[in-house]
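Chains as they are written, first to last, in this note's numbering: chain U, 899 to 1151; chain A, -1 to 304.
Ideal placement from N, C-alpha and C gives every residue a C-beta, glycine not left out.
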Ligand SMILES: Cc1cc2nc3c(=O)[nH]c(=O)nc-3n(C[C@H](O)[C@H](O)[C@H](O)COP(=O)(O)OP(=O)(O)OC[C@H]3O[C@@H](n4cnc5c(N)ncnc54)[C@H](O)[C@@H]3O)c2cc1C
Ligand SMILES: Nc1ncnc2c1ncn2[C@@H]1O[C@H](COP(=O)(O)O)[C@@H](O)[C@H]1O
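So this is what it looks like as structure tokens:
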């Protein structure tokens, strides 16, 4: 099985997000990026599958800031091959644009299974997995929490609400949006990533076709804060006193 | 008048709330056609639509991502909707993006507000809203809980139209079975007090401290998804989109950011108190009271007062 795992960087939400001068995008100058957490799960599930059943895992990403580090980390975790799709992918790239560029590249590499993160915090115009599947002419299942091999092909688990899981079997090719890997994604120390990066070539594929979102961002704004919470401050003792008063007044404690 | 298609989401013989939420909104925007794939008997519950298009086939009895995609695709291709509304749910995610590519229609996801030509999406874990302008027909995937469901429930008598299923032979994906969650020791949906732990608790060793606080408050511990994914607590403790919906008298959220998928499960709690060191955490928009103290200081402070 050739498993391809697209990975991408997203803004780290621990940092405060600022809107730029255009009013339509984040101020990306000081933005701290991290790999989309669901991509870590997709890579983990792909590696678990490979370790159990053989095959190869290829991590692929569109060229963007810091993406080499993310690809080296994927290699350090066990990806056999890392690929960068070159083209103009600075700033905010729409899901439709990313999916078309990735689909062309994945098509040229060849694949049996594509595992992407189920979603990302910035995929305004849709989750990548379904768009990729559309371009690749493959079936698509999302919110996947387990991928196993059996005599009939793949057995996959998809999560619904309330913890109910649907089991499907599928043949390949297939594109899966991974919600959570069976195991907590493995961690690799920086030293190991540095080591993996030595002598490792990132294959490059130039983006060919293009597609756009078909919609345009007209405005970005912070949520207005609905009714909003009454804030009790940052002092734990004082806040605890107030919380106890509230609980007592409501008859909870 | 705009022609709006609403893709009906149903599970175990029930029309899901998201469907009524979308139908209510769609009625404000135009003429509503409900697209009912499988489960034709549910048409009687869709009085809020002016028309229902049913596609039924034995292979559509249980949700099958591939078969449902093909069926929705055939319905949309045969009509000319100005807008197709799909839930941004586990099932809807298997439909919306594929439809966008196959019908070459733009897709706007995570929608919380829709008007003709413009859609607001909730992004960045609930920290930013983004308004998109769309001209022409489009697909919109709608976040659960964005619109009142009641507006979509009414007793009209829509025209029901049957459409033949597309060729569903040779599907790659086959439904096998549903696996119900194992019952846990505690049913968090029945608790009056929930002390809920998020990624802010940092590691497994800090779980007992939260459990102790919950016990002192006469309640139980619940949590956000990463805590379950890390296996620090069992799945039966998870609150949210893929977990359980809870409505306790008190929901005390510790180190939870308030991502939309979490909010979906707890926003109707009677009293929500949140502790998060980030004053911009979206949880504070839904909480009644909030504090920006460190949870590792707040827990002992609270315990000390009981
Ligand atoms: C299809 C799908 C379904 C999902 N279903 C669910 C679901 O059912 N339930 C769910 O919860 N999530 C669900 N998610 C995941 C969701 O998107 C978020 O990733 C998740 O809710 C984040 O959990 P969190 O708030 O605990 O973590 P984070 O977002 O990482 O937030 C941690 C917070 O802790 C705060 N913090 C850190 N240290 C401290 C401290 N010392 N004191 C106080 N505060 C501190 C930080 O400021 C931060 O805001 C789902 C996702 C998808 C794609
Ligand atoms: N620019 C990109 N480069 C590589 N992979 C991507 C890119 N955009 C999206 N993906 C993949 O699709 C997943 C879901 O992204 P999205 O659909 O944008 O939420 C990401 O986390 C990646 O796995």
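Is residue i helix, strand or coil when you go by DSSP?
i, result
"residue 160 of chain A", "strand"
"residue 308 of chain A", "Lying before the first or after the last residue shown, residue 308 of chain A is absent from chain A, which here runs from -1 to 304."
"residue 12 of chain A", "strand"
"residue 95 of chain A", "helix"
"residue 1058 of chain U", "coil"
"residue 179 of chain A", "coil"
"residue 1022 of chain U", "coil"
"residue 909 of chain U", "strand"
"residue 922 of chain U", "coil"
"residue 1094 of chain U", "helix"
"residue 904 of chain U", "strand"
"residue 1069 of chain U", "coil"
"residue 190 of chain A", "coil"
"residue 197 of chain A", "helix"
"residue 1134 of chain U", "helix"
"residue 374 of chain A", "Shown here, chain A extends from -1 to 304; a query on residue 374 of chain A therefore has no answer."
Going by Cα to Cα distance, which pick from the options is closest to residue i?
i, options, result
"residue 1042 of chain U", "U/1076, U/963, U/1118", "U/1076"
"residue 278 of chain A", "A/270, A/268, A/257, A/266", "A/257"
"residue 25 of chain A", "A/163, A/264, A/152, A/8", "A/152"
"residue 997 of chain U", "U/1007, U/959, U/989", "U/959"
"residue 22 of chain A", "A/45, A/123, A/204", "A/45"
"residue 1139 of chain U", "A/91, A/287, A/113", "A/287"
"residue 1182 of chain U", "U/957, U/1011, U/978, U/1031", "In this structure chain U extends from 899 to 1151, so residue 1182 of chain U is not present and cannot be described."
"residue 965 of chain U", "U/912, U/944, U/916, U/908", "U/908"
"residue 984 of chain U", "U/975, U/962, U/1062", "U/962"
"residue 1117 of chain U", "A/130, A/170, A/88", "A/130"
"residue 925 of chain U", "U/931, U/934, U/899, U/915", "U/915"
"residue 1093 of chain U", "U/943, U/972, U/931", "U/972"
"residue 1054 of chain U", "U/1040, U/1127, U/1111", "U/1040"
"residue 883 of chain U", "A/290, A/157, A/87", "Outside the displayed range of chain U (899 to 1151) lies residue 883 of chain U, so it cannot be described from this structure."
"residue 191 of chain A", "U/1130, U/1150, U/1061, U/1111", "U/1150"
"residue 47 of chain A", "A/155, A/61, A/38, A/72", "A/155"
"residue 59 of chain A", "A/174, A/37, A/196", "A/37"
"residue 116 of chain A", "U/1113, U/1119, U/899", "U/1113"
"residue 306 of chain A", "A/90, A/33, A/126, A/111", "Because chain A in this structure spans residues -1 to 304, residue 306 of chain A falls outside the shown range and cannot be described."
"residue 873 of chain U", "A/20, A/178, A/122, A/183", "The structure shown does not extend to residue 873 of chain U, since chain U is modelled only from 899 to 1151, so the question has no answer here."
"residue 927 of chain U", "U/1016, U/913, U/937", "U/913"
"residue 1089 of chain U", "U/943, U/920, U/975", "U/975"
"residue 1061 of chain U", "A/239, A/70, A/64, A/95", "A/239"
"residue 1119 of chain U", "U/920, U/906, U/901, U/900", "U/920"
"residue 49 of chain A", "A/29, A/252, A/57", "A/29"
Just confirm the distance between the C-beta atoms of residue i and residue j, as a whole number of angstroms; I'd bet it's less than 8 Å.
i, j, result
"residue 1100 of chain U", "residue 955 of chain U", "Actually they are not in contact, since the Cβ atoms of residue 1100 of chain U and residue 955 of chain U sit about 15 Å apart, beyond 8 Å."
"residue 1095 of chain U", "residue 970 of chain U", "4 Å"
"residue 31 of chain A", "residue 3 of chain A", "5 Å"
"residue 999 of chain U", "residue 1105 of chain U", "4 Å"
"residue 133 of chain A", "residue 84 of chain A", "Not a contact, Cβ separation roughly 20 Å."
"residue 1012 of chain U", "residue 957 of chain U", "Not really, about 11 Å apart at Cβ, beyond 8 Å."
"residue 301 of chain A", "residue 210 of chain A", "7 Å"
"residue 186 of chain A", "residue 218 of chain A", "6 Å"
"residue 82 of chain A", "residue 161 of chain A", "Wrong, their Cβ atoms sit about 15 Å apart, outside the cutoff."
"residue 43 of chain A", "residue 75 of chain A", "In fact, because the Cβ distance is near 26 Å, the residues do not count as touching under 8 Å."
"residue 1065 of chain U", "residue 174 of chain A", "4 Å"
"residue 182 of chain A", "residue 234 of chain A", "3 Å"
"residue 901 of chain U", "residue 968 of chain U", "At roughly 17 Å, the Cβ-Cβ gap does not stay under 8 Å, so residue 901 of chain U and residue 968 of chain U are not in contact."
Members of the region 9 to 35 of chain A that neighbour chain U once the beta carbon cut-off is set at 8 Å: 9
Against chain A: residues of the region 1107 to 1123 of chain U by CB proximity under 7 Å: 1111, 1112, 1113, 1114, 1115, 1116, 1117, 1118, 1119, 1120, 1121, 1123
Members of the region 158 to 174 of chain A near chain U, C-beta cut-off 7 Å: 170, 171, 172, 173, 174
Interfacial residues, the region 280 to 291 of chain A to chain U, with Cβ spacing under 9 Å: 280, 281, 282, 283, 284, 285, 286, 287, 288, 289, 290, 291
Selection of the region 998 to 1024 of chain U by Cβ proximity to chain A, strictly under 8 Å: 1016, 1017, 1019, 1020, 1021, 1022, 1023, 1024
Interface positions of the region 40 to 63 of chain A facing chain U (Cβ-Cβ less than 9 Å), listed along the chain: 60, 61, 62, 63
Near-chain A residues of the region 1063 to 1078 of chain U - C-beta to any C-beta below 9 Å: 1063, 1064, 1065, 1066, 1067, 1068, 1069, 1070, 1071, 1072, 1075, 1077, 1078
Contacting positions in the region 1127 to 1143 of chain U - beta carbon closer than 8 Å to chain A: 1127, 1128, 1129, 1130, 1131, 1132, 1133, 1134, 1135, 1137, 1138, 1139, 1140, 1141, 1142
Within 7 Å of chain A by C-beta, residues of the region 926 to 955 of chain U in sequence order: none
Residues in the region 174 to 199 of chain A having any Cβ partner in chain U nearer than 7 Å: 174, 175, 176, 177, 178, 179, 191
Where the region 1079 to 1092 of chain U meets chain A: residues whose CB sits under 7 Å from a CB there: 1082
Chain A contacts from the region 1025 to 1041 of chain U (Cβ-Cβ distance under 9 Å): 1025, 1026, 1027, 1028, 1029, 1030, 1031, 1032, 1033, 1036, 1037, 1038, 1039, 1040, 1041
Against chain A: residues of the region 1046 to 1060 of chain U by CB proximity under 9 Å: 1050, 1051, 1053, 1054, 1055, 1056, 1057, 1058, 1059, 1060
Interface residues of the region 906 to 922 of chain U facing chain A [CB-CB below 9 Å]: 908, 909, 911, 912, 914, 915, 917, 922
Near-chain U residues of the region 225 to 244 of chain A - C-beta to any C-beta below 9 Å: 226, 227, 228, 229, 233, 234, 236, 238, 239, 240, 241, 242, 243
Contact set between the region 1094 to 1106 of chain U and chain A, restricted to residues whose Cβ is under 9 Å from the partner: none
Residues from the region 973 to 999 of chain U in contact with chain A, defined by Cβ distance under 7 Å: none
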